[in-house]
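Working notes, beginning with the structure itself.
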Amino acid sequence: MSLGATGSPETNKSGLLAGSNLEKVLRAGHFAVTAELGPPQSADHAAIRNKARHLRDCSDAVNLTDNQTAIVRMSSIASGAILVQEGLEPVIQMVCRDRNRLAMQSDLMGAYALGIRNVLCLTGDHQSFGNHPTAKNVFDLDSIQLVRMVSGMRDQRVFQCGEAMKGPEPRFFVGAGASPFAAPVPFRPYRLAKKVRAGANFIQTQLVYDIEAFEIFMETVRKLGVHEQAYILVGVGPLKSPGMARYMKESVPGILVPDQLIERMNRAGAQWAGRKPEELSKEEKKTRSEAWKAEGIKICIELIQKVRAVEGVAGAHIMAIEWEEAVRPIVDGAGLLPRPNLS
Amino acid sequence: MIVAEQKTLDEIKTLLGDGRRVLVVGCGTCVTVCFAGGEREAGVLACSLRMACQLDGHAREITDVTVQRQCEWEFLDAAADQIKDADVVLSIGCGVGVQAIAERFPNTWVVPGLDTKFMGLPTEQGIWAERCAACGECLLGVTGGVCPIARCSKSLLNGPCGGSEGGHCEINPDVPCGWQLIYDRMEKLGKLEVLMDLQPPKNWQKSRDGGPRKIVREDLRLPHEE
Amino acid sequence: MSSQPVDQSFEPEITAFYCGYCGYMAADTAGALKVQYPANVKFIRLPCIGKTDIRYLLAAFEQGADAVYLVACPLGNCHHVRGNERGVARVNRAKKLLDEIGIGGSRVDMFFMSGSQANAFADAARTMTTRIRELGPSPLKVKAGRALGGTA
């Protein structure tokens, strides 16, 4: 038995589904900016508050990853609730690897009660990548079924089993991921269409470094009309070193890094080229790292400017992993400050 | 077929505990064709254990017998005398076989000599790969004959995920991406539009998650005497 | 696997399986040319070395052999096409098993020769006999208290 397209979701009096800041910014037609924050591998709430400082006022919402790469971290929802306390807007991420449909619905209602209004529905990296490879994996639902379920909770006020909710429903702005260059490449725009048909309101893509390849993807996306049914935010991220660029190109599925960008990163460190790590002093390594990082930020700014020009793109999702301080200079450099204040 | 692998000699020796009279019971069906627990393997294991135990200083009397199929009472009964005579039975049938012996001979201590792995097939001589997860509700009709439950590491019904690259799964380059296989089949057969249907959440109650399963076929049962 | 001090009175007991083609012919040629080799080896003929079952190899040790070896046609020249390759695979498996059991994988081996190679036939017997004199009796025998060789 398969499901057809969802009906038009109900909106509130202001014509909004969830009323989150991200939703308002997008619906008002601004180029949105979201950032990302990895919760700590501990119970330390201060770690979140400290990282949050760097992201305040330079992003419209901040994603909290959910046991990313299957490494146990503080929960996305709890971290999101801390962000709400700090006055920032969270986008919680929920993967299908660790929770069944009961836990998902339960956690989502709790998240909404704690002031969270955006959720990104993802499959999740396999647990064999992380620090608990012997765990049972759940995958009760996949990401598309999760999108459907969360939308159903909002629009029909029902649980996944069909039972009506006994009180106010969680009204989330529902997001899904997209990986434009993962295999099979020709199918990706169609799978994106499936997610939007299931109810996704916004999309955040995997990191894009190859604009040409991205434009080819977007051509089909536009042909399918998907860009008019959901807001597409393109994933961008500053490179820290040529090594990082090479690693992403060779070892992470779905990430294309043009050689020309790796070349630029290499050239930024040209002054120290040909010398072994043992030969460099701590000072020299620091200076070289800063040169690399500066080039990485420069490239990121250019990428944002380029994707902005692609028809159908509604925003950028900046993933500055363990480098939250890079977000403000990137957003500033791309001419996207100040962020719109729509409260 | 059910595919299994023999446990190490060390683990088996530990499982035998203090048992002096050991009967190795082989099985002539699935584990014969995956070369884990057939008549030959029973003979090899019995002989290996006799010698190893002697060298350990814990000599045991170890004999072997192989039945047609351990999972049926009538075949097990053929070896009843030998089974009852043993201190410990080392079954090198699949997990079903081990339990069948334990159930049929409640006073006999039975230990497994194999790790039962999966239901699969030999893709070529010497290599067996998983194909079926016994989910209880077969959906091979909408995936071109490739099972997303067994062959996708995440059992996605609306796959693939973003970890598929070069035709293999993110967990291991030796594991083909189940959804790439499904996509290729559907493309070849001109049925790609089927993949645009939203597959709803699976009813896991029909699988092991719903509890131990049983099938009763009334049409095959004889009426009981009153 | 133990290495006993070389006891001059220990006579290795070795079992060898040879195939009915090159193996048998090499034995025959050795006989015709009166090539000398140690008398410690008991020979068993198989139609092809591919007929070797691991059970034969293990049974030989259980029944008192200190070593076992196979004699086959050269690789690429098996009269049954690939029987000798199966022999190789089984000897390799037997080596691992014998290590796990505690007897020692170096007590099993395989030799390749064509029918006219009488000296290779004799060399195989000599090589194994020398190796076993150095390694000593099978640990099974030692355990059973039959440290000195000779027939039971």
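Protein chains in written order, with this note's numbering: chain G, 684 to 1026; chain Y, 4 to 229; chain C, 901 to 1052.
Heads up, the beta-carbon is just placed ideally off N, CA and C, and yes, glycines get one too.
Predicted, not measured: the structure shown is a model, and the values here were computed from it.
>> Comparing C-alpha positions only, which one of G:Ser762, G:Pro872 and G:Asp808 sits nearest to G:Ile731?
In response: If we check each option's Cα against that of G:Ile731, G:Ser762 comes out closest.
> Taking the C-alpha atoms as reference points, what is the distance between G:Arg782 and G:Val821?
Replying inline: Approximately 6 Å between the Cα atoms of the pair.
>> If you reduce the DSSP assignment to three classes, tell me which class G:Asp781 lands in.
In response: It is coil, neither helix nor strand.
>> With H, G and I counted as helix, E and B as strand and the rest as coil, what does DSSP make of C:Ala1052?
In response: Its pLDDT being 42, under 50, C:Ala1052 is placed unreliably by the model, and the measurement read from it follows with that caveat. C:Ala1052 sits in coil when the DSSP states are folded into three classes, being neither helix nor strand.
> Quick one, are the C-beta atoms of G:Arg840 and G:Ala847 less than 9 Å apart?
Replying inline: Inclusion of G:Arg840 and G:Ala847 in the CB contact set at 9 Å is warranted, their separation being smaller than that value.
> Skipping 5 residues on each side, what residues in its chain have a beta carbon closer than 6 Å to that of G:Gly798?
Replying inline: Within its own chain, the residues whose Cβ lies closer than 6 Å to the Cβ of G:Gly798, once the five positions on either side in sequence are excluded, are Val767, listed in chain order.
> chain G partners of Y:Cys135, CB-CB under 9 Å?
Replying inline: In chain G, no part has a C-beta under 9 Å from the C-beta of Y:Cys135; the shortest such distance is about 17 Å.
> Where does G:Arg950 fall in DSSP's three states?
Replying inline: In this structure, G:Arg950 counts as helix in the three-state DSSP scheme.
> Is the CB of Y:Cys180 under 9 Å away from at least one CB in chain G?
Replying inline: Y:Cys180 counts as touching chain G.
> For the 8 Å Cβ check, are there 3 or more pairs between the stretch 19-38 of chain Y and the stretch 64-79 of chain Y?
Replying inline: The stretch 19-38 of chain Y makes contact with the stretch 64-79 of chain Y: 3 or more CB pairs, one atom from each, lie closer than 8 Å.
> Thinking C-alpha only, which one of C:Ala930, C:Val935 and C:Gly923 is nearest C:Leu946?
Replying inline: Scanning C:Ala930, C:Val935 and C:Gly923 for the CA closest to the CA of C:Leu946 turns up C:Gly923.
>> The beta strand (DSSP E) that contains C:Thr915, what's its start and end?
In response: Membership of C:Thr915 in the beta strand (DSSP E) is indicated by the continuous run Ile914 to Cys919.
> Is G:Val802 helix, strand or coil when you go by DSSP?
Replying inline: Strand at G:Val802.
>> Give me, in chain order, the residues of the same chain whose beta-carbon lies closer than 6 Å to that of C:Arg990; leave out the 5 immediate sequence neighbours on both sides.
In response: Excluding the 5 residues flanking it on each side, C:Arg990 has same chain C-beta neighbours closer than 6 Å at Thr952 and Ile954, in chain order.
> Can you list, in chain order, the residues of its chain whose CB lies under 7 Å from that of Y:Glu196, leaving out five sequence neighbours each side?
Replying inline: Result list for Y:Glu196: empty, nothing under 7 Å.
> Is the stretch 153-171 of chain Y touching the stretch 825-832 of chain G in the sense that three or more CB pairs, one from each, lie closer than 8 Å?
Replying inline: Counting Cβ pairs under 8 Å, three or more are found: they touch.
> Does any C-beta atom of chain Y lie closer than 9 Å to the C-beta of G:Leu686?
Replying inline: Any reading at G:Leu686 must be qualified, since the residue scores a pLDDT of 28, below 50, and its modelled position is unreliable; no value is offered.
>> Can you find the residues in the same chain that come closer than 6 Å, C-beta to C-beta, to G:Gln724, ignoring five residues on each side of it along the sequence?
In response: Contacts found: Arg756.
> Which chain Y residues sit within Cβ distance under 7 Å of C:Ala1065?
Replying inline: This structure cannot speak to residue 1065 of chain C, because chain C is shown only from 901 to 1052.
> According to DSSP, which residues form a beta bridge with G:His1000?
Replying inline: The secondary-structure analysis by DSSP pairs G:His1000 across a beta bridge with G:Thr717 and G:Gly918.
>> Can you pull the chain Y neighbours of G:Lys877, defined as C-beta to C-beta under 7 Å?
In response: Here the neighbours are Asn161, Met199 and Leu201.
>> Beta-carbon within less than 6 Å of G:Leu1025's beta-carbon, same chain only, minus the 5 sequence neighbours each way: which residues are those?
In response: Around G:Leu1025: Lys707.
> Closest Cβ-Cβ distance between G:Gly823 and chain Y: below 9 Å?
Replying inline: According to the sequence as given, residue 823 of chain G is Asp; it is not Gly. Taking Cβ atoms only, chain Y reaches closer than 9 Å to G:Asp823, which makes this a yes.
> Since Y:Pro176 meets chain G, which of its residues come closer than 9 Å, beta carbon to beta carbon?
Replying inline: Here the premise fails: no neighbours, minimum Cβ distance about 11 Å.
> Are three or more beta carbon pairs between the stretch 903-914 of chain G and the stretch 866-882 of chain G nearer than 8 Å?
Replying inline: At 8 Å Cβ cutoff, the stretches touch.
>> So, under 8 Å CB-CB, Y:Val6 and Y:Cys37 are touching, yes? Tell me the CB distance rounded to an integer number of Å.
In response: At roughly 5 Å, the Cβ-Cβ gap stays under 8 Å, so Y:Val6 and Y:Cys37 are in contact.
> What three-state label does DSSP hand C:Tyr937 in the structure shown?
Replying inline: Three-state result, C:Tyr937: coil.
>> Tell me the residue span of the alpha helix (DSSP H) that contains G:Met848.
In response: DSSP places G:Met848 in no alpha helix (DSSP H); its state is neither H nor E.
> What distance in whole Å lies between the Cβ atoms of Y:Val92 and Y:Cys74, which are believed to be in contact at a cut-off of 8 Å?
Replying inline: Contact doesn't hold; Cβ gap of about 15 Å is too wide.
> Going by DSSP, which residues form a beta bridge with C:Lys942?
Replying inline: Partner(s): C:Thr915.
>> Please state the DSSP three-state secondary structure of Y:Ser158.
In response: Reduced to three states, the DSSP call for Y:Ser158 is coil.
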